[in-house]
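Okay, so the sequence shown: first residue is 546 according to the numbering used here, each after it adds one.
Here a beta-carbon is modelled for each residue, glycine too, at the ideal position from N, C-alpha and C.
One structure is given here, and the rest of the page talks about it.
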Amino acid sequence: MSPLERYLIVAALLFGIGLAGALTRRNAILVLAGIELMLTAANLNFIAFWRYGGHPADSGTGIVFVLFSIAVAAAETAVGLALIVTIYRHRHSTKLDEFDELKG
Numbered sequence: 546m547s548p549l550e551r552y553l554i555v556a557a558l559l560f561g562i563g564l565a566g567a568l569t570r571r572n573a574i575l576v577l578a579g580i581e582l583m584l585t586a587a588n589l590n591f592i593a594f595w596r597y598g599g600h601p602a603d604s605g606t607g608i609v610f611v612l613f614s615i616a617v618a619a620a621e622t623a624v625g626l627a628l629i630v631t632i633y634r635h636r637h638s639t640k641l642d643e644f645d646e647l648k649g
């Protein structure tokens with residue numbers, strides 16, 4: 546088994562755990578944590594393909610993709626947490642089952 550395959554297996558496991566967490570949890574914060582695990586798996590794939598594919602010393606495209614992905618994930622987490630805090634202030638709960646209607 547090559548090192549690339551090992552990284553891809555770990556990334557697939559991380560993605561699967563994140564997907565299961567995002568789909569089965571009822572708490573909004575845990576769903577957000579599952580989404581972050583899926584983004585981490587994607588970052589691991591970027592780095593693995595950059596390192597073991599082609600000529601990694603020639604370009605740093607994998608690292609640039611990961612840096613952009615981390616920046617997007619940080620922004621997504623900040624907005625998501627702000628929404629969760631706002632919803633908690635109004636509803637006093639972070640259970641997703643209770644958010645069945647949107648009001649202006």
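Between the CA atoms of residue j and residue i - distance to the nearest angstrom
i, j, result
"residue 620", "residue 627", "11 angstroms"
"residue 558", "residue 625", "24 angstroms"
"residue 622", "residue 605", "26 angstroms"
"residue 598", "residue 617", "25 angstroms"
"residue 549", "residue 570", "31 angstroms"
"residue 635", "residue 562", "31 angstroms"
"residue 629", "residue 552", "33 angstroms"
"residue 643", "residue 547", "47 angstroms"
"residue 641", "residue 565", "15 angstroms"
"residue 633", "residue 576", "15 angstroms"
Residue j beta carbon less than 7 angstroms from that of residue i
i, j, result
"residue 573", "residue 631", "no"
"residue 556", "residue 578", "no"
Minimum C-alpha distance to residue i - residue among the options
i, options, result
"residue 560", "549, 590, 570", "590"
"residue 581", "593, 594, 571, 567", "567"
"residue 613", "604, 571, 584", "584"
"residue 708", "549, 592, 599", "Residue 708 is absent from the structure shown; the chain starts at 546 and stops at 649."
"residue 554", "594, 570, 635, 575", "594"
Distance between beta carbons of residue j and residue i, contact taken as under 8 angstroms
i, j, result
"residue 615", "residue 588", "7 angstroms"
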